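Chemist: Numbered per this note's numbering, the sequence shown spans residues 87 to 1030. The structure's right below; bear with me while I get my questions together.
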Amino acid sequence: MEWFRKSLIRRIGTIVIGFIFIAFAVYGLISIELLSGFFEANSKTEISKDALQIATEIDKFIEKNIVIVEQMKTNQDYQAITEALVTREEKRQHPLFEVVTQELQAIKASDPNISLAYIGITKSNDVISSAAEFDPKPDYDINQRLWYIETLKSRGITVTSPYIDIVTEEMVVSITTPILKNNNVIGAMGIDLQVADISKLMDTYKIGKNGYTLLVNKDGSIFYHPDNHPTSADQSDAYADLSPYMKRITSGNSGVIEYSQGNTAKYIAYVPTQSSNWVVATVIPRSEVLAPLNQFIVSLLFISLVLLFLIALFIKRMTRLISEPIVTISDSIETFSRGDQEINLPDAFYHREDEIGILSRGLHQMSHRITHYIEEVQINNEILNKEIDKRQVVQSQLEMILELLSGTDEGIFILNDAFFCIYHNAAFSRIIGIPEAEIPALDLSQNSILINQPLVDSLQMNPVWTGEIEYALTPEKILFLFMRISKVKNGENDYYIGNITNLTAHKQIEKDIYYLKYFDHLTKLNNKVFLDESGMELISGDPEKSGSHALSLINIDNFRIINEAKGFDFGNKVLIGLANRLKTLISNQDVLARLGNDEFGILKTDVSSNEDLYQYILGLSKALEKQLAINDEELIVDVSIGISLYPSDANHYAKLLKTAASALNNVKANKSRRFEFYDKDINSLSIQKYEMQNKLRNALSNDEFILYYQPQVDMTTNQIIGLEALIRWNSPDGMVPPGSFIAIAEESNLIIPLGEWVLENACAFGNKLASIGYATPIAVNLSMRQFKAPYIGELIQSILTRSNLPPNLLELEITEGILMDNETECESILSQFHGMGIQVSIDDFGTGYSSLSYLKKFAVDKIKIDRSFIKGIPHYDNGTIAKVIIELASNFNLQVIAEGVETTEQINFLLKNNCHIAQGFYYAKPLCESELLTFMDKSKRDNG
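Here it is, written out as structure tokens:
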């Protein structure tokens, strides 16, 4: 061991050899592990890609044929023959059999992969196929066929499992789709693809040298292997090693599994196809994956042995050149360390030109210098001791300053140029809510603690920034801080010195003062001060008077009586309830305020028109008429509303307020109205509608309404086949046309009793006509409100009972808009009418939401062509729209009545286009009862 101990080179060399050996061993193990994982992962990725590519190709193959089946679904011949056939004997006698067979043969011929195209018919338990001569055996049961069972389960386009086709006796896969009638399956149609063709497609794909591809069915059966094309759908026994993994493979997800087949480890990648229930699986032996790794291990061992041999030769040479001189130098250095003044070495060492010579000369010179350096160190120590004493004094002063700063309520901080805190006092940590120990590790700018990018940009332009900021101590608690921060340069570095003061308590006081100034404590609404300032600001900001704004003052009538009768607490709840209701009646741009004890104000901005304002005030008044629930009591609060409009009523806010108050005083003085406009034009409009509503109510009770009837005539025989009841108002001021009062009746719900009156009188007159030999149906118009009334069916039934009118002599006319409002509800109501035996017609057809879908869906009997499509025929209108409506009605087996017929040319046009019923002045204007009876008697005489 002396040989080893005395030579540093030998020790180093031995250690180096050992280290290199271990390093190569570790490197080899790590490389093997990493490369093993790499090759495995890469191989898994590649076989997954291969599986995905094959799955995509299969999807394209299947989807190409799905398109053919989709096209088959659109063939009405298939639907028709499926619905028609009941027994097998009818098949070849059916007129469509030859056509369907030829079409199926054309489908088969369109693609060489299609072995058969067919239709399965449930009722006849039969099949029509491109093999026209084929007929199923007597014991054939379509419900037991695999393709039909899977089609019934899916109720959509289905790619079946492989099976033996009874027609071609080949293993096939079917692509099928059900044939539906009223959402019931009455058959199925599809095409067969030979599994052999799919196998040929699969044979084209190669996986590595020894890999292969499988096709797995959804039940886990394998029906394709490149070395064993199956003749049945179940080949599972040949691949029993995959059975434990088959659930994962058929799960519908993609993945890679390692498994053993006998003594051979393999990887299998599986990808489900999108268009079928198949799974594409690619298999490759693990040994093929790791072959490059084995080559790497052999190369690594060879390189390691060569390198170790070269290192051993190098160590032997270095020992002779370096180790022996170093031992001599080491002995001299040891002697010098014990007190000698210089290092003495053999002269041969000084004359060497290599590192040994340089080291020897350097050590000799160093021995002279060390003594000189020791003397200099002693002098420097004396100077350093004086500097230390001076810094201790500064340190004491600094500690005193920091102690004073730590006691202040202002947060003081110093940041470096990276915005990390290099100093802060306790108040800073307390204000920002972060423990002192965590602050130095935080980048205040990155974490948006006091510092943000706009502030940094400002400090680049101006080294001092002061201002108020909001700081989120928690998501629920926001602090208001005053901050002053200065940018200071020290040498080449920038620093930021700042202080923060907590102004939160002061801000809360300001907020409380603002609330007291601008808000009502009871209702939590804005107060009069806020409304006045908002109004003045709004109007002063519109010097050109381009906008239109309305101020509404709302006063509770007799509020003093409520307080006296129920107490002030109850009265306060009334105010709160009314305030909450008013909140729901304004937009985000409007201003709502409580002005006094029982008075509120609404400043409505940007009024588009006087009519819109009137409608809004009308709706507001109606909403305030509804009951309020106070202490389990239902209370109706009467209010008066005065409205003034800027700029028509006032050109500044003070006058606007004054004119609104004037309007309010007028309406309170006139107890007959709920609201009044300062603008007389708007007021007269509201008064006119209000008075019209009152007159309508009185007209019902005074029997001022009468019914006129306009005949509906068969143009081929000139016989009267129906009547339409039309209401007229014979007011004390003269006859009022329907257009002047029907809309107002709709608005005020008077249409309900008015419509009931029309039904009562029309049915009574219809019974009168029947009793004298004129059993003629009478059509009555139903409004939207009547139609949607929950009791409409019971009402009509009771009127028919009271009038003894047979239901078939009553016809109800509705508009297209009613049908579009709620299709499900309309369908139920119309079915109820038909169940009662009442006919239904669509009035003014073509002017609204004309749609094929509702003609098919809803139970209607007639459509009436609006007069606007008739009046221009033939001189100003070629009648295209009328022709379309007539043809449409014919297709749906509906009667057509043309309204507004006035000329012989129009009658000729309608008869030519198969419309036989007309209503219009050509035959008769609307007639009262006596005039109608005379007209009907004359018509009866004229037509024999």
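Positions of the beta carbon are idealized from the N, C-alpha and C atoms, including for glycine. Everything numeric in this text was worked out from a predicted model, so none of it was measured.
Check whether the segment 646 to 662 and the segment 733 to 753 touch, using three or more Cβ-Cβ pairs below 8 Å as the test.
Modeler: Segments in contact, no.
Chemist: Taking Ile672 as the reference, give the member of Lys659, Leu637, Asp225, Ser884 with the closest Cα.
Modeler: Against the sequence shown, residue 672 aligns to sequence position 586. Checked all of Lys659, Leu637, Asp225, Ser884; the closest Cα to Ile672 is Leu637.
Chemist: So what's Ala875 in DSSP terms, helix, strand or just coil?
Modeler: Here residue 875 refers to the residue found at position 789 of the sequence shown. Ala875: coil per DSSP, three-state reduction.
Chemist: So, at 7 Å on beta carbons, what are the nonlocal neighbours of Glu1015 in its own chain, with the 5 sequence-adjacent residues on each side left out?
Modeler: Position 929 of the sequence shown, counted from the start, is the residue given in the question as residue 1015. Excluding sequence neighbours, Glu1015 sits near Phe851.
Chemist: Between Ile828, Leu681, Leu301, which has its C-alpha nearest Val259's C-alpha?
Modeler: Counting from 1 along the sequence shown, the entry for residue 259 is found at position 173. That would be Leu301, whose Cα lies nearest to the Cα of Val259.
Chemist: Tell me which same chain residues have a C-beta within less than 8 Å of the C-beta of Asp475, skipping the five on either side of it?
Modeler: On the sequence shown, position 389 is the one that residue 475 refers to. Closer than 8 Å at the Cβ level, and outside the excluded window around Asp475, lies no residue.
Chemist: Sorted by chain position, which residues of the same chain lie with C-beta nearer than 6 Å to Arg516's C-beta, five sequence neighbours on each side aside?
Modeler: On the sequence shown, position 430 is the one that residue 516 refers to. The answer is none, since no qualifying residue turns up.
Chemist: If you count every other CB in all the chains shown that lies within 10 Å of the CB of Lys130, and 16 or more means buried, which is it?
Modeler: The residue labelled residue 130 in the question sits at position 44 within the sequence shown. By the 10 Å Cβ count, Lys130 comes out buried.
Chemist: If I'm right that Glu810 touches Gln1005 with Cβ under 8 Å, what's the distance once you round it to whole angstroms?
Modeler: Locating residue 810 in the sequence shown gives position 724, where the first residue counts as 1. Locating residue 1005 in the sequence shown gives position 919, where the first residue counts as 1. Confirmed, about 7 Å.
Chemist: What whole-angstrom Cβ distance do Ile525 and Ser531 have, given they're in contact under 8 Å?
Modeler: Position 439 of the sequence shown holds residue 525. Position 445 of the sequence shown holds residue 531. No, Ile525 and Ser531 are not in contact; Cβ-Cβ is about 14 Å, not under 8 Å.
Chemist: Who are the near neighbours of Ala848 in its chain, counting only those whose CB is closer than 7 Å to its CB and skipping five residues on each side?
Modeler: As a working mapping, residue 848 is identified with position 762 in the sequence shown. Cβ within range, chain order: Leu793, Ala811, Ile864, Val866.
Chemist: Just grab the DSSP bridge partners of Ser927 for me.
Modeler: Along the sequence shown, one-based indexing puts residue 927 at 841. Ser927 pairs with Glu899, Lys948.
Chemist: How about the segment 749 to 764 and the segment 783 to 799: do they share at least three Cβ pairs that are nearer than 8 Å?
Modeler: The segment 749 to 764 is not in contact with the segment 783 to 799.
Chemist: Would you kindly work out how many angstroms separate the C-alpha atoms of Ser322 and His311, rounded to a whole number?
Modeler: As a first step, residue 322 must be located in the sequence shown, where it is residue number 236. As a first step, residue 311 must be located in the sequence shown, where it is residue number 225. Interpretation of Ser322 is limited by its pLDDT of 46, a score under 50 that renders its predicted location unreliable; the figure taken from the coordinates is listed afterwards. Cα-Cα distance, rounded: 11 Å.
Chemist: Tell me which residue opens and which closes the alpha helix (DSSP H) that Thr494 is part of.
Modeler: Residue 494 sits at position 408 when you count from the first residue of the sequence shown. Where Thr494 is concerned, there is no enclosing alpha helix (DSSP H), given that its DSSP letter is neither H nor E.
Chemist: When we look at the beta-carbon of Gly903 and count the other beta-carbons within 10 Å, is it buried (16 or more) or exposed?
Modeler: Locating residue 903 in the sequence shown gives position 817, where the first residue counts as 1. With fewer than 16 other Cβ atoms within 10 Å, it is exposed.
Chemist: Could you work out which residue in Ala367, Leu488, Asn548, Ile716 is closest to Lys292 when comparing CA atoms only?
Modeler: As a first step, residue 292 must be located in the sequence shown, where it is residue number 206. Of the candidates Ala367, Leu488, Asn548, Ile716, the one whose C-alpha sits nearest the C-alpha of Lys292 is Ala367.
Chemist: Where Ile103 and Asp417 are concerned, what is the direct C-alpha to C-alpha distance, given to the nearest angstrom?
Modeler: Indexing the sequence shown from 1 puts residue 103 at position 17. Indexing the sequence shown from 1 puts residue 417 at position 331. Distance between the alpha carbons of Ile103 and Asp417 is about 28 Å.
Chemist: How far does the alpha helix (DSSP H) with Leu602 in it reach, from first residue to last?
Modeler: Here the question's residue 602 lines up with position 516 in the sequence shown. Note, Leu602: alpha helix (DSSP H), 590 to 604.
Chemist: Using 7 Å as the threshold, is the C-beta distance between Leu742 and Val677 below it?
Modeler: Here residue 742 refers to the residue found at position 656 of the sequence shown. Here residue 677 refers to the residue found at position 591 of the sequence shown. Result no, Cβ atoms of Leu742 and Val677 do not sit closer than 7 Å.
Chemist: Classify Lys573: buried if its beta carbon has 16 or more other beta carbons within 10 angstroms, exposed otherwise.
Modeler: Along the sequence shown, one-based indexing puts residue 573 at 487. Classification of Lys573: buried, given that the 10 Å Cβ count is 16 or more.
Chemist: In terms of alpha-carbon separation, which member of Thr989, Leu980, Asn339 lies closest to Ile959?
Modeler: Along the sequence shown, one-based indexing puts residue 959 at 873. Closest by alpha carbon: Thr989.
Chemist: Shortest alpha-carbon distance to Tyr249 belongs to which of Ala591, Ser307, Ala523?
Modeler: In the sequence shown, residue 249 corresponds to position 163, counting from 1. The candidate whose alpha carbon is nearest that of Tyr249 is Ser307.
Chemist: With DSSP as the reference, please indicate the residues paired to Leu661 in a beta bridge.
Modeler: Residue mapping note: residue 661 aligns to position 575 of the sequence shown, counting from 1. DSSP, once it has assigned bridges, lists no residue as partnering Leu661.
Chemist: Can you name the start and end residues of the beta strand (DSSP E) that Asp289 belongs to?
Modeler: For the purposes of this step, residue 289 is taken as the residue at position 203 of the sequence shown. Not the beta strand (DSSP E): Asp289 falls in the alpha helix (DSSP H), residues 281 to 289.
Chemist: For the alpha helix (DSSP H) that Trp364 lies in, which residues bound it at each end?
Modeler: Taking the first residue of the sequence shown as position 1, residue 364 is located at position 278. From DSSP, Trp364 is part of no alpha helix (DSSP H); its letter is neither H nor E.
Chemist: Return the bridge partner residues of Arg814 from the DSSP annotation.
Modeler: In the sequence shown, residue 814 corresponds to position 728, counting from 1. Partner(s): Ile792.
Chemist: Is Met801 helix, strand or coil by DSSP?
Modeler: As a first step, residue 801 is located in the sequence shown; it is residue number 715 there, counting from the start. The answer is coil: DSSP assigns Met801 none of H, G, I, E or B.
Chemist: Based on Cα-Cα distance, which residue from Ala203, Gly627, Gly657 lies nearest to Ile722?
Modeler: As a position in the sequence shown, residue 722 is number 636, starting the count at 1. With distances taken between Cα atoms, Ile722 lies closest to Gly657.
Chemist: What distance in whole Å lies between the Cβ atoms of Leu232 and Ser216, which are believed to be in contact at a cut-off of 8 Å?
Modeler: For this step, residue 216 is matched to residue 130 along the sequence shown. For this step, residue 232 is matched to residue 146 along the sequence shown. Not confirmed; about 19 Å, so no contact.
Chemist: What is the rounded straight-line gap between the Cα of Leu449 and the Cα of Ile429?
Modeler: Against the sequence shown, residue 449 aligns to sequence position 363. Against the sequence shown, residue 429 aligns to sequence position 343. Taking the straight line from one Cα to the other gives about 7 Å.
Chemist: Can you list, in chain order, the residues of its chain with a C-beta nearer than 7 Å to that of Asp765? Leave out the 5 residues immediately preceding and following it.
Modeler: As a position in the sequence shown, residue 765 is number 679, starting the count at 1. The answer, listed in chain order, is Leu731, Ser734, Asp735.
Chemist: In terms of residue numbering, what span does the beta strand (DSSP E) encompassing Asp212 cover?
Modeler: Counting from one through the sequence shown, the residue named residue 212 turns up at place 126. Asp212 -> beta strand (DSSP E) spans 212 to 215.
Chemist: With a 10 Å radius around its C-beta and 16 neighbouring C-beta atoms as the bar for buried, classify Val926 as buried or exposed.
Modeler: Stepping through the sequence shown from its first residue, residue 926 is reached at position 840. Per the 10 Å Cβ criterion, buried.
Chemist: Less than 7 Å between the C-beta atoms of Ile727 and Ile642, yes or no?
Modeler: For the purposes of this step, residue 727 is taken as residue 641 along the sequence shown, with counting starting at 1. For the purposes of this step, residue 642 is taken as residue 556 along the sequence shown, with counting starting at 1. No, the Cβ-Cβ distance between Ile727 and Ile642 is not below 7 Å.
Chemist: Counting along the chain, where does the beta strand (DSSP E) carrying Asn576 start and finish?
Modeler: Here the question's residue 576 lines up with position 490 in the sequence shown. Here the beta strand (DSSP E) through Asn576 covers 564 to 576.
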